[in-house]
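A quick write-up on the structure given underneath.
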Amino acid sequence: MTDATPAPASPPSRRARVRAPELIGKGGWLNTGEMSYTLADLRGRIVILDFWTFCCINCLHVLDELRELEEKHRDTVVIIGVHSPKFVHEAEHQSVVDAVERYGVHHPVLDDPELATWKQYAVRAWPTLVVIDPEGYVVAQHAGEGHAHALAKLVEELETEHAAKGTLRRGDGPYVPPEPVASDLRFPGKALVLPGGHFLVSDSTRHQLVELEADGETVVRRIGSGIRGFGPDSFSEPQGLALLPDGKVIVADTVNHALRTYDPVSGAIETVAGTGRQWWQGSPAEGPALEVDLSSPWDVAWWADRVWIAMAGVHQLWTYDPATGTVGVAAGTTNEGLVDGPAAEAWFAQPSGLAAAGDRLWIADSETSALRYVERAGDGDGEGEGEGEAEGNGFVIRTAVGAGLFDFGHRDGAAGQALLQHPLGVTALPDGSVAVSDTYNHALRRYDPATGEVTTLATDLREPSDAVLVGEDIVVVESARHRLTRLRLPDEAVRVEAVAHRTQREATEVAPGALTLDVVFTAPTGQKLDTRYGPSTRLLVSATPPELLAEGGGAGTDLHRELVLADGVTEGVLHVSAMAASCDDDPANEYPACHVHQQDWGVPVRVGSAGTSRLALVLAGLGA
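Position one of the sequence shown corresponds to residue 1 (the numbering used here), numbered consecutively onward.
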């Protein structure tokens, strides 16, 4: 491993004649008025395939990145979302239908539950974008986030080129919007009980907050314009809510990458943290709250005299201090995974739910299907502790339930073997246990720290995303049923058949011993790697199990890495995180615009004598 910045690879030819494979998906087409399409039907248009899955925060970021491009080039560009599921729940067709509405997807979507098109295009990560020219040939591939500027430049070049050739066909695209549905709530996210007994709910898809009477049904008022935006009366897919000591409500304004406050007395909405821009690697991670970028804050909680923020977009916990008006990282490295220990060294994967309970802050860590918690160093009783913990910033992270990124299911019993599936919410109960909104299992689960047992409280919910206590009842946010559901906390657990799953993706056969890892990155046309302040690339490699890698793990700045696989470990997952920064290549411009491209891969591998000795992952380009 070296620390030298790699020389830019020779640009891959956009004219390489690679015919795009056909689009196949057993689930069929959405947002097309029940029409099905082939690539031949789209000939003459620039087609951008967006391989996504709705659990993935990076995929949701890319949906937002594509909105401007989609609108500006609506007569020449057809964006097609190819939905390729990670979790079992995401392979259900109705779940995909719900997600398309929930996240405002305004282009056709191919539901590919068996990953047929994913395999045809040799995709390795969510999200991945593939560009097909008007003649039906693949001309670019981009993995991860931050490629909107490069795509915009490429689209303009393709429009010019194919207009001159006579192969560009302008006109309306195949998108047909679904009929709107009337309901008081539409995919609500989180809820809280106001001091007077009313409920406040984040009505995420409608970009509003809704106050309901104590019955949980009657609308008292709607807060916000209902139009996606960052204005004084606008939200963008708000999620988490928490009461502050002064009586105001703090709101995780998720897609605005901001925290807002709402005063239930005056009705005033105020931005208290975030700039409206998404945080990227290299940006300040602490400072005046209104000057620091955030990244998809999903939930908030008041604990230890601070607002704690589940910063799903960067796999971290942050805090906001209203007294000083500052924000900063409290836990997590931005690496995605499940690693316990001192807060500054822990890994998370889309933390999405928070609940304060005395000396613990509970966390629903969705992508690891885990229940975790924060406590002060030295306060723990040993359960779930990692080895060799140090005090760090005074907090440590521990896991109560969960095994990692690729193991999930619905299994009760001892916490060490119990399984959840992408939980989004957690609620502290009066007896010291916690209820988990086990979203993709459509269930409410319970973990009891006193016994170390996991049980099921209720089933037949529909994507529960949060729950709040009201007396002896628990009121669940049934997100995909668009309602609050009141349940009596049961005396006995519900018996359910245990199921366990692993993410089903085809493993890459690799040879034993030495393995060359190459992350392919070619700066977009008109840009170059930004080396003004040192290396412009970053590469982090690890493995599950850790014993898979004998050599080559850790961080560096070269996108080429020589790995050595350990003897005796026959399969596992290589975790690869890459980042590259490129800037406009204009010597006359003293302050060129710069762009960050980044992606995390989890590559299942199987070791065998017939396997490859080189693993190529495309961050941007075609040269795999």
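Glycine is no exception: its CB is placed at the ideal position from the N, C-alpha and C atoms.
Residue i versus the options, residue with shortest Cα-Cα distance
i       : options                               : result
Gln-527 : Asp-567, Pro-232 and Asp-584          : Asp-584
Pro-195 : Ala-214, Gly-189, Pro-188 and Ser-183 : Ala-214
Asp-379 : Ala-370, Ser-366 and Val-396          : Val-396
Gly-226 : Glu-68, Asp-586, Val-603 and Ser-204  : Ser-204
Pro-342 : Val-374, Arg-169, Val-314 and Ala-458 : Val-374
Ala-364 : Ser-437, Ser-577 and Val-255          : Ser-437
Ile-474 : Gly-104, Tyr-447, Val-576 and Ala-435 : Ala-435
His-410 : Ala-400, Arg-398 and Pro-423          : Pro-423
Leu-259 : Val-181, His-595 and Gly-231          : Gly-231
His-142 : Ala-400, Val-131 and Gly-425          : Val-131
His-351 : Ala-91, Gly-27 and Ser-296            : Inspection of the sequence shows that residue 351 is occupied by Pro rather than by His. Nearest of Ala-91, Gly-27 and Ser-296 to Pro-351, Cα basis: Ser-296.
Thr-544 : Pro-512, Ser-433, Pro-604 and Trp-280 : Pro-604
Gly-224 : Glu-217, Gly-216 and Pro-238          : Pro-238
Phe-406 : Ser-95, Val-88 and Val-426            : Val-88
Glu-571 : Pro-430, Arg-561 and Thr-508          : Thr-508
Trp-344 : Pro-512, Pro-113, Arg-376 and Gly-325 : Per the sequence shown, residue 344 should be read as Ala rather than Trp. It is Arg-376 whose Cα lies nearest to the Cα of Ala-344.
Ile-309 : Leu-185, Pro-264 and Gly-240          : Gly-240
Cys-59  : Leu-192, Val-618 and Gln-598          : Gln-598
Phe-439 : Asp-448, Gly-452, Val-476 and Pro-430 : The question names Phe, yet the displayed sequence has Thr at residue 439. The shortest C-alpha separation from Thr-439 is found at Val-476.
Gly-216 : Leu-209, Val-201 and Thr-456          : Val-201
Arg-483 : Gly-197, Lys-86, Val-210 and Ser-36   : Val-210
His-257 : Gln-278, Thr-271 and Ile-269          : Gln-278
Glu-367 : Phe-54, Thr-38, Gly-33 and Gly-27     : Phe-54
Val-517 : Val-618, Lys-165 and Arg-486          : Residue identity check: residue 517 is Leu in the sequence provided, not Val. Out of Val-618, Lys-165 and Arg-486, Val-618 has the C-alpha closest to the C-alpha of Leu-517.
Thr-261 : Ala-312, Phe-235 and Leu-487          : Phe-235
Thr-525 : Ala-150, Val-564, Glu-71 and Ala-242  : Ala-150
Cβ distance (whole Å) where residue i is taken to contact residue j below 8 Å
i       : j       : result
Ala-566 : Leu-549 : 7 Å
Val-520 : Leu-615 : With 8 Å as the limit, Val-520 and Leu-615 do not qualify as a contact, their Cβ atoms being about 11 Å apart.
His-147 : Leu-129 : 6 Å
Ala-346 : Asp-340 : 6 Å
Asp-299 : Ser-283 : Contact flag wrong, Cβ pair sits at about 22 Å.
Ala-467 : Gly-425 : 6 Å
Val-123 : Ile-46  : So it is not a contact: roughly 19 Å between Cβ atoms.
Ala-370 : Gly-402 : 2 Å
Ser-552 : Arg-561 : It is worth fixing the name first, because residue 552 is Gly in this sequence and not Ser. Contact flag correct, Cβ pair sits at about 6 Å.
Thr-455 : His-442 : At roughly 16 Å, the Cβ-Cβ gap does not stay under 8 Å, so Thr-455 and His-442 are not in contact.
Ser-536 : Ala-500 : Contact flag wrong, Cβ pair sits at about 42 Å.
Leu-469 : Ala-140 : Their Cβ separation, rounded to whole angstroms, is 51 Å, which puts Leu-469 and Ala-140 out of contact at 8 Å.
Asp-98  : Ala-480 : 5 Å
DSSP beta-bridge partners of residue i
i       : result
Ile-57  : According to DSSP, which records beta bridges pairwise, Ile-57 is partnered with nothing at all.
Asp-253 : Ala-258
Arg-17  : DSSP, once it has assigned bridges, lists no residue as partnering Arg-17.
His-597 : Ala-580
Pro-297 : Met-311
Pro-351 : Asp-365
Ala-620 : His-142 and Phe-521
Ala-674 : One cannot answer for residue 674 here, as it falls past the ends of the chain, which runs 1 to 624.
Val-272 : BP columns for Val-272 are empty, so no partner.
Leu-63  : Partner(s): none; Leu-63 has no beta bridge.
Leu-110 : Trp-29 and Val-82
Thr-326 : Pro-288 and Asp-321
Ser-542 : His-575
Leu-630 : This structure cannot settle anything about residue 630, because the visible part of the chain is limited to 1 through 624.
Trp-303 : Arg-306
Glu-336 : Phe-348
Trp-52  : His-83
Ile-223 : Leu-209
Thr-128 : Phe-51 and Ala-143
Gly-425 : Ser-437
Val-605 : Thr-508 and Gly-572
Any non-hydrogen atom of the ligand MG closer than 6 Å to residue i Cβ
i      : result
Cys-55 : Judged by which ligands are present, the structure shown has none, so any question about the ligand MG falls away.
C-beta neighbour in chain D for residue i, strict 7 Å
i       : result
Thr-522 : Among the protein chains of the structure shown there is no chain D, as only one such chain exists.
Segment contact, 8 Å Cβ cut-off, at least three pairs: the stretch 82-93 with the stretch 48-65: Yes, the stretch 82-93 touches the stretch 48-65.
In chain order, which continuous runs of the alpha helix (DSSP H) of length 4 or greater are located wholly inside the stretch 68-106? 93-102
Length-filtered (3 minimum) beta strand (DSSP E) runs lying within the stretch 429-489: 434-438, 443-448, 453-458, 464-470, 473-478 and 483-488
Would you call the stretch 488-495 and the stretch 589-597 in contact, with 3 or more CB pairs under 8 Å? Taking a cut-off of 8 Å for Cβ pairs, the stretch 488-495 and the stretch 589-597 do not touch, as fewer than three such pairs fall below it.
Below 8 Å, how does it come out for the stretch 593-602 and the stretch 574-582: are there three or more Cβ pairs, yes or no? yes
Stretch-stretch touch, CB-based, cutoff 8 Å, three pairs: the stretch 36-44 with the stretch 20-27: yes
Quick check: the stretch 65-79 against the stretch 162-178, are at least 3 beta-carbon pairs closer than 8 Å? yes
Contact between the stretch 271-288 and the stretch 316-332 (3+ Cβ pairs under 8 Å): yes
Does the structure place the stretch 174-183 close enough to the stretch 447-465 that three or more beta carbon pairs sit under 8 Å? no
Whole alpha helix (DSSP H) runs in the stretch 143-203 with 4 or more residues, listed along the chain? 148-165
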